[in-house]
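Enquirer:
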Amino acid sequence: MAGFSECPLCPHHCKLKEGQSGFCKVRGCQNGEIIPLTFAEVAAFHLDPVEKKPLYHFYPGRQIFSVGGYGCNLHCFFCQNYEISQKYEQGRRIFPKQLTEMATEDPSIGICFTYTEPLVWYEMILETAPLIKEWGGKVVLVSNGIIEQKYLEYLMPYLDAVNIDIKGFTPEFYEKYTGGKLEWVLKTVETLVPNVHTEITTLVIPNLNDSPQEIKTLAKWLSGLNTPLAWHLSKYHPMHKSKIPATDEKKLKKLWTLAKETLPYVYLGNMAGGNTTYCPQCGQEVITRDLWVTMKTTEGKCGHCGRDIWGVGLL
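Under my numbering, the residues of the sequence shown are numbered 785 to 1099, in order.
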């Protein structure tokens, strides 16, 4: 298209005139080139437990330096981080070398790109991740999974773990409430699961994605990937433009019980309970998460029956 430049990073393929920014608000056209507008601009950073990502089967009990930029290539009306994902304000500038120094201070095990949508901060990740790996640290991504396969494949060799949001399991949900497509996310998950430690999160929203049938269907799809993973069913709270009441905890627990009929590692998020890992074979507790994380494993095996417990960095 004459007079336009196309951003190739994600399936939106925004076609931009000079000076315009894309759907994500943080990639734009300057001098006929698509460039990141917020390279090295940091919206938030903090040292977090890995469980907060959430990652329950990746170095349990450890901490990781967590950082986020601005922008997102979805526009969810229920966004839980809308203050920094849906607008851009100039943040603190921290370049990859300095970010690596911050992320590799004890007790951090590495860096987690999170809080907003890290994939629209692609160049920053691609420059920082090799520096983290040189130090021997871990690189983690918490993402909506909206990216073209070519760029995902460039990034994968640096990734140690990911948590991908599957926000719903119908095309209509994605198109109506997020501005994306379900097929884009599922393709990313299918690519990641055989190659990178993957956990999934679904924010369960009343009357939008909380039907037992939808949860059963998604559980079956995840099981069909034939690779172990963890699934986090998170309680929704009204945020951003959403006035829908918070998820009913009793109903969420019923959906959790339903999902566990198909998958061995299913958890509840944003509420008390539902965060213990049980051995798929003997049913005994193997990882408890209260004020502290306690692992009842030996070399990654159940301390009761010896069954392998899926995960990375288990004792």
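Don't be surprised by glycine CBs; every beta carbon is placed ideally from N, CA and C.
1. Give the straight-line distance between the Cα atoms of residue 854 and residue 1068, rounded to the nearest whole angstrom.
2. Exposed or buried, what is residue 798 when buried is set at 16 or more other beta-carbons lying within 10 Å of its beta-carbon?
3. Are the region 986-996 and the region 948-963 touching, with three or more C-beta to C-beta distances below 8 Å?
4. So for residue 1062, helix, strand or coil by DSSP?
5. What residues in its chain sit with their C-beta under 7 Å from that of residue 1006, if we drop five residues either side in the sequence?
6. To the nearest angstrom, how far is the alpha carbon of residue 951 from that of residue 1052?
7. Could you tell me the boundaries of the beta strand (DSSP E) in which residue 1007 lies?
8. Short check: CB of residue 804 to CB of residue 816, under 9 Å?
9. Hey, residue 844 and residue 1077 are a contact pair by Cβ (cut 8 Å); roughly how many whole angstroms apart?
10. From the DSSP output, which residues share a beta bridge with residue 1051?
11. Is residue 806 near the ligand NAP - that is, is its Cβ less than 8 Å away from at least one heavy atom of it?
12. Quick check on this structure: which residue in 1086, 915 and 909 has the alpha carbon closest to the alpha carbon of residue 926?
13. Is it buried or exposed for residue 919, if we count other Cβ within 10 angstroms and need 16 for buried?
14. Give the DSSP-derived three-state secondary structure of residue 957 in the structure shown.
15. Taking the continuous beta strand (DSSP E) assigned at residue 819, which residues delimit it?
16. Mind checking which residues open and close the beta strand (DSSP E) that includes residue 1072?
17. Out of 938, 849, 1024 and 931, state which residue places its alpha-carbon closest to the alpha-carbon of residue 922.
18. Just curious, the alpha helix (DSSP H) that residue 916 is in, first and last residue?
19. Residues in the same chain with beta-carbon distance under 8 Å from residue 932, minus the five sequence neighbours each way, listed in chain order, please.
20. Taking the C-alpha atoms as reference points, what is the distance between residue 868 and residue 900?
21. Please report the straight-line C-alpha distance between residue 1085 and residue 1061, rounded to a whole angstrom.
22. Whole angstroms is fine: what's the gap from residue 836's alpha carbon to residue 814's?
23. Is the beta carbon of residue 953 sitting closer than 9 Å to the one on residue 907?
24. Taking the beta carbon of residue 802 as the centre, do at least 16 other beta carbons fall within 10 Å, making it buried, or is it exposed?
25. Is there a Cβ from chain D that is less than 9 Å from the Cβ of residue 788?
26. Over what stretch of residues does the alpha helix (DSSP H) that includes residue 1123 continue unbroken?
27. Nearest by alpha-carbon distance to residue 829: which of 878, 1074, 986 and 938 is it?
28. How close, in whole Å, do the beta carbons of residue 930 and residue 858 come, if the pair is a contact with beta carbons under 8 Å?
29. Do you know how far the Cα of residue 895 is from the Cα of residue 939?
30. Within the continuous beta strand (DSSP E) that includes residue 983, where are the two ends?
31. Using the DSSP secondary-structure output, state which residues sit across from residue 895 in a beta bridge.
32. Buried or exposed for residue 890, going by 16 or more other Cβ atoms inside 10 Å?
33. Could you give the first and the last residue of the continuous beta strand (DSSP E) run that contains residue 814?
34. Identify, in the order they occur along the chain, each residue of the same chain with its Cβ nearer than 7 Å to the Cβ of residue 821, setting aside the five sequence neighbours on each side.
Expert: For this structure:
1. If I take the Cα positions, the gap works out to 42 Å.
2. Buried: at least 16 other Cβ atoms inside 10 Å.
3. With the rule of 3 Cβ pairs closer than 8 Å, the region 986-996 counts as touching the region 948-963.
4. Under the three-state reduction of DSSP, residue 1062 is assigned to strand.
5. Non-local C-beta neighbours of residue 1006 in its own chain, meaning closer than 7 Å and more than five positions away in sequence, comprise 984, 1013, 1015 and 1047, ordered along the chain.
6. A straight line joining the alpha-carbon of residue 951 with that of residue 1052 spans about 15 Å.
7. Following the DSSP letters along the chain, one finds residue 1007 in no beta strand (DSSP E) but inside the alpha helix (DSSP H) bounded by residues 996-1007.
8. No; because the gap between Cβ atoms is not below 9 Å, this pair is not in contact.
9. For residue 844 against residue 1077, the beta-carbon gap comes to about 5 Å, under 8 Å, which counts as contact.
10. Residue 1051 has 1016 as its beta-bridge partners, per DSSP.
11. Here there are no bound small molecules, and the ligand NAP is not part of this structure.
12. Ranking the options by Cα distance to residue 926, first place goes to 909.
13. Under this definition residue 919 is an exposed residue.
14. It is helical.
15. Run containing residue 819: 817-820, per the beta strand (DSSP E) assignment.
16. Bounds of the beta strand (DSSP E) holding residue 1072 are 1069-1073.
17. Check the Cα spacing between residue 922 and each of 938, 849, 1024 and 931: the tightest is with 849.
18. If you look at residue 916, you'll find it in the alpha helix (DSSP H) that goes 906-919.
19. If we look at residue 932 and ignore the five residues flanking it on each side, its Cβ neighbours are 792, 793, 794 and 795.
20. Roughly 7 Å between the two C-alpha positions.
21. Whole-angstrom Cα-Cα distance: 12 Å.
22. Approximately 37 Å, taken between the alpha carbons.
23. No, Cβ-Cβ distance for residue 953 and residue 907 is not below 9 Å.
24. Exposed.
25. Absence of chain D from the displayed structure is noted, only one protein chain being present.
26. Here the chain has residues from 785 to 1099 only, and residue 1123 is not among them.
27. Checked all of 878, 1074, 986 and 938; the closest Cα to residue 829 is 878.
28. Separation of the CB atoms of residue 930 and residue 858 is rounded to 6 Å, and the pair is thereby assigned contact status at 8 Å.
29. Using only the alpha carbons, I get a separation of about 14 Å.
30. For residue 983, the enclosing beta strand (DSSP E) starts and ends at 981-988.
31. Answer is 849 and 923.
32. Here residue 890 is exposed, its C-beta having fewer than 16 other C-beta atoms within 10 Å.
33. Residues 811-814.
34. Its chain contains 805, 810, 811 and 812 as the residues whose beta carbon lies nearer than 7 Å to that of residue 821, once the 5 sequence neighbours on both sides are disregarded; these appear in chain order.
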